[in-house]
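Participant:
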Amino acid sequence: MPDHKMMERMAEKNMAADGPESAAPREGGPERRARITQGIMQRTGIDETMIAELVSIFYARVQLDPLLAPIFAEKVEDWDQHIEKLKAFWSSVALMSGRYHGQPMQAHLPLRIDASHFERWLDLFETTAEEVCPPAAAAHFMDRARRIADSLELGIASQRGEMRHQRRERSAGEVNVAAE
Numbered sequence: 025m026p027d028h029k030m031m032e033r034m035a036e037k038n039m040a041a042d043g044p045e046s047a048a049p050r051e052g053g054p055e056r057r058a059r060i061t062q063g064i065m066q067r068t069g070i071d072e073t074m075i076a077e078l079v080s081i082f083y084a085r086v087q088l089d090p091l092l093a094p095i096f097a098e099k100v101e102d103w104d105q106h107i108e109k110l111k112a113f114w115s116s117v118a119l120m121s122g123r124y125h126g127q128p129m130q131a132h133l134p135l136r137i138d139a140s141h142f143e144r145w146l147d148l149f150e151t152t153a154e155e156v157c158p159p160a161a162a163a164h165f166m167d168r169a170r171r172i173a174d175s176l177e178l179g180i181a182s183q184r185g186e187m188r189h190q191r192r193e194r195s196a197g198e199v200n201v202a203a204e
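Residue numbers for the sequence shown follow our numbering, beginning at 25 and rising by one.
1) Does the beta-carbon of Ala40 have 16 or more other beta-carbons within 10 angstroms, so that it is buried, or is it exposed?
2) Restricting to Cα atoms, I'd like to know which of Leu88, Ile180, Met74, Pro54 is closest to Phe142.
3) Kindly provide the ranges of any alpha helix (DSSP H) runs that are 4 or more residues long and lie completely inside the stretch 75-122, ordered along the chain.
4) Using C-beta distances below 7 Å, list every residue in its chain close to Tyr83, excluding the 5 sequence neighbours before and after it, in chain order.
5) Give me the Cα-Cα distance between His132 and Leu146, rounded to the nearest whole angstrom.
6) Compare the Cα-Cα distances from Leu92 to each of His125, Ile60, Asp138 and report the closest residue.
7) Assign His125 to one of two classes, buried (16 or more other C-beta atoms within 10 Å of its C-beta) or exposed (fewer than that).
8) For the stretch 85-103 and the stretch 153-163, state whether three or more C-beta atom pairs, one from each stretch, are separated by less than 8 Å.
9) Given a cut-off of 8 Å on the beta-carbon distance, is the pair Leu217 and Met129 in contact?
10) What do you get for Ala58, buried or exposed, if any count of 16 or more other CB atoms within 10 angstroms of its CB means buried?
11) Specify, as a first and last residue, the run of the alpha helix (DSSP H) that Glu174 falls within.
12) Nearest CA to the CA of Ser80: which residue from Pro134, Asp167, Phe113?
13) What does the alpha-carbon distance come out to for the pair Pro134 and Glu98?
14) Among Gln183, Ala173, Cys157, which one has its Cα closest to the Cα of Glu65?
15) Compare the C-beta of Glu101 against all C-beta atoms of chain C and say whether one is closer than 8 Å.
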């Protein structure tokens, strides 16, 4: 599936999760998007400054992570440029800004990554979001991060002809038996 379709699908899912103003008919185009973005900003406190801080801190940690750093080191030649692209991506994902115009699936397909990389990426992202953002913003970012990880992991596994373990969130009070 082309990446722009993936982004549109994710945006539709995000709008459905973003409250009543996003459930309105598809009329209004840019005005509707602006209303949805304003609603997200009001509920979560997310703005471009917060996105920039989260992305910068998170990817500084990625560069030091023993599992993730080698994957990025093979691909990223200019970290400043890459960080700017990631800020645009997260602006589009978190605020529906439309700033990102890349193809995330195509960028990730050739990488030698598996479920362990996605799990580590999510763990590190969640830790960073919880440290950098207020709770509502961290929850919003994590909802999007899980959807992105699931979509990319499924797409990569599908392209490789592999089955993938379905990630799921534990409900409140559920015990992780493997951790005991």
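We put the beta carbon where it would ideally sit given N, CA and C, even for glycine.
Facilitator: So, to answer that:
1) Since pLDDT at Ala40 reaches only 48, below the 50 mark, its modelled position is unreliable, and the value read off the structure follows with that caveat. Exposed.
2) Closest by alpha carbon: Ile180.
3) Scanning the stretch 75-122 for uninterrupted alpha helix (DSSP H) segments of 4 residues or longer gives 93-99, 103-119, listed from N- to C-terminal end.
4) Around Tyr83, the same chain offers Ile107, Leu110 as residues with beta carbons nearer than 7 Å, after the five sequence neighbours per side are excluded.
5) Going by C-alpha positions, His132 is about 15 Å away from Leu146.
6) That would be Asp138, whose Cα lies nearest to the Cα of Leu92.
7) Flag for His125 reads exposed.
8) Segments in contact, no.
9) Here the chain covers residues 25 to 204 and nothing more, so residue 217 does not appear.
10) It counts as exposed.
11) Correcting the residue type first, residue 174 is Asp in the shown sequence and not Glu. Per DSSP, Asp174 is one residue of the alpha helix (DSSP H) stretching across 159-184.
12) Ranking Pro134, Asp167, Phe113 by Cα distance to Ser80 puts Phe113 first.
13) Approximately 11 Å between the Cα atoms of the pair.
14) At residue 65 the sequence reads Met, which differs from the Glu that was named. Nearest of Gln183, Ala173, Cys157 to Met65, Cα basis: Cys157.
15) Here chain C cannot be found, since the structure has a single protein chain.
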